[in-house]
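This report concerns only the one structure given below.
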Amino acid sequence: MNKEEQLLRIEKDKIIERQLRFQQLLISISTTYINSDLSDIDDLIHKSLKQIGEFVESDRSYVFSYDFVNNTTSNTYEWCSDGIEPEINNLQNIPIDYITHWLEAHKKGEAFYVEDVSLLPEDGEFGLRAILEPQGIKSLITIPKIKNDELIGFVGFDSVKKINKYNDNEQDILFVYANMLVNVIQRKEQEEKIKVQEEKKEQLLKDLSLQNEQLNEYAHVVSHDLKAPLINIHTLVGWFMDDNKSKIDEKEFYPLEQVIFNVEKMDNLIKGILDYSTIDKLEAQDTLINFNTMINEVTETLLIPENTSIKIQNNLPSISGNTWRFKQIFQNLIQNAIKYSDKANNTIEIGCIEKDDKYEFFVKDNGIGIKSDYFDKIFKVFTKLESTGSSSGIGLSIVKKIVNFYNGEIWLESEEGKGTTFYFTLLKN
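In structure tokens:
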């Protein structure tokens, strides 16, 4: 190998070694971007502009954004080496008509590269040379920033102290850096959007919580105010009926009996609203509750017809929770089963199956059953299968709300004329 070949090989090795270091720098910057939480994206971009600028021996590196609505471009980030005057404040809202040369290249997805500004033609006071020379620029390269196939700006490198050359491989690496900037800025934009959405969600939850609190307070106040006159009406009508049994015909008592019936219906409705609004407001401390003992206490308080039998599995679990809430579940399900019983011998079965992480309870009856069309509707507030009777239509809504409060699920299976089984789950403690 002669001396000339040796020099060529050395030069080639230098170029390869430089490209490898350039790639390593890019990997380092990329790693920083990936591992950063982007809380201070400005510092990250400034630091990377400095690192790339120093490596390619430019004196000024920068980022511009295009505004195609107003046909302007603005300098958003800039790094300058020692002794180089910043231009960022002078390069805001620049008409893109001043940079048509590199805009055309950028729209094609190409870099705009001027190796020697002094060789540019004299094209008037608004020409490219007239813009670059006052900034002391000797060489310039700008790389388009493209987001989702849309041109959004460019990354540029100015050489002021000397003419700078960029080979094809270096230009390719600068394109990678431009894409990295787009990705990190896009990631930051997404994080900011998510943050705004989270803040809106948090505010919405606060507003809903306040509204729920106000509604609950309103329900308590209104319910209390309604109960007093209802009690008075019930008492006065009852006294009148007792005092006049011997004076008024039995048929004439019917309208008064209807008054009593509707007063009781309204009283049940008010109680249901109060119970429903109280479910998630109880502050009593949870205790370990034996479900066999608790359900027996519930059945002792209910009016159970003589032709109705209740069978309770004798090994029900003990679960930590609020006694009132759990009693409400079984009280409403048992009352519902009694109400819709139509057999000579009605049976209600209560049991539980242990699953991996939860207990699956059931309340089964042999009553009239429920049409499948009503399976979803019956858990809604004020929904009743029939309009007769003094039921409030809130019982099953209360059950569902309590089950959901304990992160459980509730559903039913039913066949008309044969009966209904309600299932619900409670997580193991």
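When we follow the numbering used here, the leftmost residue of the sequence shown carries the number 1148, and every step to the right adds one. Ideal placement from N, C-alpha and C gives every residue a C-beta, glycine not left out. No experiment lies behind these values; they were computed from the predicted model shown.
- By the Cβ-count criterion, PRO1291 is buried, with 16 or more other Cβ atoms from all chains shown falling within 10 Å of its own Cβ.
- The residues ASN1218, THR1219, in chain order, have a CB closer than 7 Å to that of PRO1242 in the same chain once the five nearest residues on each side in sequence are set aside.
- For a cut-off of 8 Å, the C-beta gap from GLY1283 to VAL1307 is around 5 Å, short enough to register as a contact.
- For LYS1547, the number of other beta carbons within 10 angstroms of its own is at least 16, and it is reported as buried.
- Exposed is the label assigned to TRP1558, since fewer than 16 other Cβ atoms lie within 10 Å of its Cβ.
- SER1488 is positioned such that its CB atom lies no closer than 8 Å to that of THR1448.
- Separation of the CB atoms of ASP1433 and SER1467 is rounded to 5 Å, and the pair is thereby assigned contact status at 8 Å.
- For VAL1261, the enclosing beta strand (DSSP E) has its first and last residue at 1259-1261.
- If you draw a 10 Å sphere on the C-beta of VAL1216, you find fewer than 16 other C-beta atoms in it, and that means exposed.
- LYS1342 and LEU1287 have their C-alpha atoms some 38 Å from each other.
- A Cβ-Cβ contact shorter than 8 Å links THR1567 with ILE1517.
- In the displayed model, SER1186 falls within coil according to three-state DSSP, outside both helix and strand.
- Three or more pairs of CB atoms, one per stretch, sit closer than 8 Å, so the region 1224-1241 contacts the region 1199-1211.
- Taking the Cα of TYR1313 as reference, the smallest distance to any Cα among LEU1266, PHE1508, GLU1262, ARG1276 is reached at GLU1262.
- Shortest Cα-Cα distance from ASP1523 to any of THR1289, GLU1560, ASN1493, LYS1392 involves GLU1560.
- With respect to THR1494, ASP1520 sits apart: the two C-beta atoms are not nearer than 8 Å.
- A Cβ-Cβ separation of about 5 Å places ALA1258 in contact with GLN1318 under the 8 Å criterion.
- In this structure, GLU1507 sits near TYR1570, with a CB-CB distance shorter than 8 Å.
- Per DSSP, the continuous beta strand (DSSP E) segment holding LEU1559 begins and ends at 1557-1562.
- At a Cβ-Cβ threshold of 8 Å, ILE1436 and THR1382 do not count as neighbours.
- Rounded to whole angstroms, the gap between the alpha carbons of LYS1347 and SER1186 is 20 Å.
- By the neighbour-count definition (other C-beta atoms within 10 Å, threshold 16), LEU1450 is an exposed residue.
- By the CB criterion at 8 Å, ASN1439 and ASN1461 fall inside the cutoff.
- Secondary structure in the region 1420-1506: the beta strand (DSSP E) runs of 3 residues or longer, each lying completely within the stretch, are 1434-1437, 1455-1459, 1465-1468, 1493-1501 in chain order.
- One Cα belongs to ALA1277, the other to ASP1229, and the distance between them is close to 24 Å.
- Within 10 angstroms of the beta-carbon of ILE1481 lie 16 or more other beta-carbons, which makes it buried.
- The residue from ASP1396, ILE1497, LYS1394 with its alpha-carbon nearest to that of VAL1445 is ILE1497.
- Bridge partners of ILE1288 according to DSSP: TYR1260, PHE1304.
- Burial check for ILE1332: the Cβ neighbour count within 10 Å reaches 16 or more, so the residue is buried.
- In its chain, beyond the 5 residues on either side, PHE1304, ASP1305, SER1306, ASN1311 have a beta carbon closer than 7 Å to the beta carbon of SER1205.
- When the beta-carbon positions are compared, ILE1549 and ILE1476 come within less than 8 Å of each other.
- Between HIS1248 and the set LEU1275, GLU1269, PRO1233, the nearest pair of CA atoms involves LEU1275.
- GLY1274: not part of any alpha helix (DSSP H); DSSP gives it neither H nor E.
- ILE1320 places its beta carbon less than 8 Å from that of GLN1170.
- The C-beta separation of LEU1573 from ASN1483 comes to about 19 Å, leaving the pair out of contact by the 8 Å criterion.
- Going by C-alpha positions, PRO1281 is about 38 Å away from GLU1339.
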